[in-house]
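Student:
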Amino acid sequence: MFWTLNPIWFYVGLGGVLAVIFIHTVANRLAPKIQFSWVGFFDTGVTRASLLLKVRDYLVLLLRCLTVLLLFLILAKPFLYNGKPPREIWVKDIPFDKVAEIYKKWGEFSEIRFSPSQNPKGKVALVGVWNEIPPVEYEVWSSEGSWKILSVDADMDRIKIVIKTGNLPAKLNINLQSPKTTLSDEIELPKDTVFIYSASGNFTGEVIINIGNLTLYDYVLEQGERGRVYGRGMDGEVVYYALKTTKANLRVGVDTVFDGLDVVFTKECKTLDGLGLNYERGLVEFLFPDSGCVFKSGKPLLYDKRGNLVGVEYKGLKVFGFSPTYTGWGFTPEFLRFLSVFSKDIWKVYAFVGDSVKLGDNYTIKGKTSICCPDVFRGELPGIYRVYKGNDLKGVIVVNEKVGLRIPEPPKPLSDHIKIALILVVFLEILLTLSSLKFPIWKG
32 MFWTLNPIWF YVGLGGVLAV IFIHTVANRL APKIQFSWVG FFDTGVTRAS LLLKVRDYLV
92 LLLRCLTVLL LFLILAKPFL YNGKPPREIW VKDIPFDKVA EIYKKWGEFS EIRFSPSQNP
152 KGKVALVGVW NEIPPVEYEV WSSEGSWKIL SVDADMDRIK IVIKTGNLPA KLNINLQSPK
212 TTLSDEIELP KDTVFIYSAS GNFTGEVIIN IGNLTLYDYV LEQGERGRVY GRGMDGEVVY
272 YALKTTKANL RVGVDTVFDG LDVVFTKECK TLDGLGLNYE RGLVEFLFPD SGCVFKSGKP
332 LLYDKRGNLV GVEYKGLKVF GFSPTYTGWG FTPEFLRFLS VFSKDIWKVY AFVGDSVKLG
392 DNYTIKGKTS ICCPDVFRGE LPGIYRVYKG NDLKGVIVVN EKVGLRIPEP PKPLSDHIKI
452 ALILVVFLEI LLTLSSLKFP IWKG
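Converting from the sequence shown to this note's numbering requires adding 31 to each position, the first position being numbered 1.
1. Is the beta carbon of residue 429 closer than 7 angstroms to that of residue 250?
2. Taking the C-alpha atoms as reference points, what is the distance between residue 34 and residue 461?
3. Nearest chain B C-beta to residue 87 closer than 7 angstroms, yes or no?
4. Is it right to say residue 50 is buried, meaning 16 or more other beta carbons lie within 10 angstroms of its own, or is it exposed?
5. What residues in its chain sit with their C-beta under 6 angstroms from that of residue 297, if we drop five residues either side in the sequence?
6. Considering residue 137, what are the terminal residues of the alpha helix (DSSP H) in which it resides?
7. Given a cut-off of 7 angstroms, decide if residue 171 and residue 151 are closer than it, judged by their beta-carbon atoms.
8. In chain order, what are the residue ranges of uninterrupted beta strand (DSSP E) at least 3 long that sit wholly in the segment 245 to 306?
9. Sort 447, 455, 332, 281 by Cα distance to residue 258 and report the nearest one.
10. When the Cα of residue 444 is compared with those of 315, 110, 237, which residue comes out closest?
11. Pick helix, strand or coil for residue 96, following the three-state DSSP scheme.
12. Would you kindly work out how many angstroms separate the C-alpha atoms of residue 475 and residue 85, rounded to a whole number?
13. Is residue 372 helix, strand or coil when you go by DSSP?
14. Do you know whose CA, among 244, 181, 190, 401, lies nearest residue 235's CA?
15. Less than 7 angstroms between the beta carbons of residue 4 and residue 356, yes or no?
16. May I have the straight-line CA-CA distance separating residue 411 from residue 384, to the nearest angstrom?
17. Measuring CA to CA, which of 327, 338, 304, 44 is closest to residue 320?
18. Would you call the CB atoms of residue 323 and residue 352 closer than 7 angstroms?
19. Thinking just about the alpha-carbon of each residue, which of 387, 388, 389, 404 is nearest to the one in residue 395?
20. If I follow the unbroken beta strand (DSSP E) through residue 167, where does it start and stop?
21. Residue 115: which of 143, 36, 41, 226 sits nearest, CA to CA?
22. With residue 208 as the anchor, note down where its beta strand (DSSP E) starts and where it stops.
23. Nearest CA to the CA of residue 131: which residue from 440, 317, 199?
24. From which residue to which residue does the beta strand (DSSP E) around residue 331 run?
25. On the three-state DSSP scale, how would you describe residue 321?
26. Quick check: the Cα distance between residue 360 and residue 41, rounded to an integer number of angstroms?
27. Where do the N-terminal and C-terminal ends of the beta strand (DSSP E) with residue 157 fall, by residue?
28. Label residue 90 either buried or exposed according to how many other C-beta atoms from any shown protein chain fall within 10 Å of its C-beta, with 16 as the threshold for buried.
29. Kindly list the residues whose CB is nearer than 6 angstroms to the CB of residue 232, restricted to its own chain and excluding five residues on each side of it in sequence; keep chain order.
30. Could you round the C-beta distance between residue 437 and residue 173 to whole angstroms and report it? I think they count as a contact, below 8 angstroms.
31. Return the first residue and the last residue of the beta strand (DSSP E) that residue 109 is part of.
32. Beta carbon of residue 103, beta carbon of residue 44: below 7 angstroms?
33. Report the three-state DSSP secondary structure of residue 161 (helix, strand or coil).
34. Starting from the N-terminal side, write out each stretch of the alpha helix (DSSP H) that is 4 residues or longer and does not extend beyond the segment 343 to 398.
35. Can the beta-carbon of residue 206 be found less than 7 angstroms from the beta-carbon of residue 241?
36. Give the C-beta separation of residue 441 and residue 145 to the nearest angstrom, bearing in mind that I take them to be a contact with Cβ-Cβ under 8 angstroms.
This is the structure in structure tokens:
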């Protein structure tokens, strides 16, 4: 089907076509006419020439209308897509390379979001496991099957699971296990439906959910939201959502520095002048390159894809000299995992089998696999892993099986074809105009 990125220019183009026709008609009617009585003697001889002149005029009018329409179509950026394309793509907890692939394929055609929007601009594509379902038309980018999990949301007194069936009905057994509550249920779902399963109980600590042949792990933290973000804009929104998801207790400044902060994100290097850090301006690259600050002092915390030191610890403050959104890093699971390990309280991060979680030093991992003091933890088996520093529990890593992901082929832009058509139309109009000047057709 035919779609445009900027539909307003398409309608302006149609209006321009009508304007050309109107101007052409009015100009012909208002043109001065001079009558010569002797012209009638030649009427029979110019009938054929007059017909050719009218055909040429109509061809010129058609070509001029096409020129105006094609000019505005270039601004409208039309494309072809089978079905209705998503206007927003909500990305959550998927591998880094998949996020990069989505940006590469769909970045021009849809707004890619890390957090849900209350009023989406149109159809939404859900990638990963989401706790919120958009209030508009949506589709799920995951592997095909008779049923799929859209979201799992576990807190201290309730568990909510959203299940979507495909073109076949499903009969599922659901079992919930936690230290204080055990539930068992059976549900039958018709095809092509979205079902919300909700259960009440006392859920703390480890939660294991068995749905059909699928096992999901989760961990319910007892503390509420304690993180704070000081800053506005997209960076502020992304950091706030990261703290909400991981329940990390951090005070984060976005493009601002003052006493009492734990973490700072800024690409405006002058903001850091009062700290005493040595830096130079440069390009910072994760998914995308963007201007930022490369540090020459401080305890190293983070390097970008170029090998630049872009995150340091200095006098107890974690400083990152880039924008999480403009570099694309804020839209990846690595951002959540990296930010959460600085929490002053117990934190929780989600990962999939094979994902890496950067921890820093002096942490001990206890779970299905117990490891002492790794800088990077890689979960090879699904399950729940506790992270200790000494005898103190510092965080929890929840590792689940990878979610099947199917990224559809992007729309096919038509801009290049329209530019070629525009050049051809203008060339034909020039030929017609020049031919009428070189071989004028006399009309009485």
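Ideal Cβ positions, reconstructed from N, Cα and C, are used throughout, including at glycine. These figures come from a predicted structure and were not determined experimentally.
Tutor: According to the data block:
1. yes
2. 31 angstroms
3. The chain inventory of the structure shown lacks chain B, comprising one protein chain alone.
4. exposed
5. 286
6. 127 to 137
7. no
8. 245 to 251, 259 to 261, 282 to 285, 294 to 296
9. 281
10. 110
11. helix
12. Low local confidence applies: a pLDDT of 41 at residue 475 is under 50, so the model's placement there is unreliable, with the coordinate-based value given in what follows. Rounded to whole angstroms, residue 475 to residue 85 spans 14 angstroms at the Cα level.
13. coil
14. 190
15. Here the chain has residues from 32 to 475 only, and residue 4 is not among them.
16. 5 angstroms
17. 338
18. yes
19. 404
20. Counting along the chain, residue 167 falls outside any beta strand (DSSP E), and DSSP gives it neither H nor E.
21. 36
22. 201 to 208
23. 317
24. 330 to 334
25. strand
26. 35 angstroms
27. 155 to 158
28. exposed
29. 212
30. 6 angstroms
31. 109 to 111
32. yes
33. coil
34. 364 to 371
35. yes
36. Contact doesn't hold; Cβ gap of about 20 angstroms is too wide.
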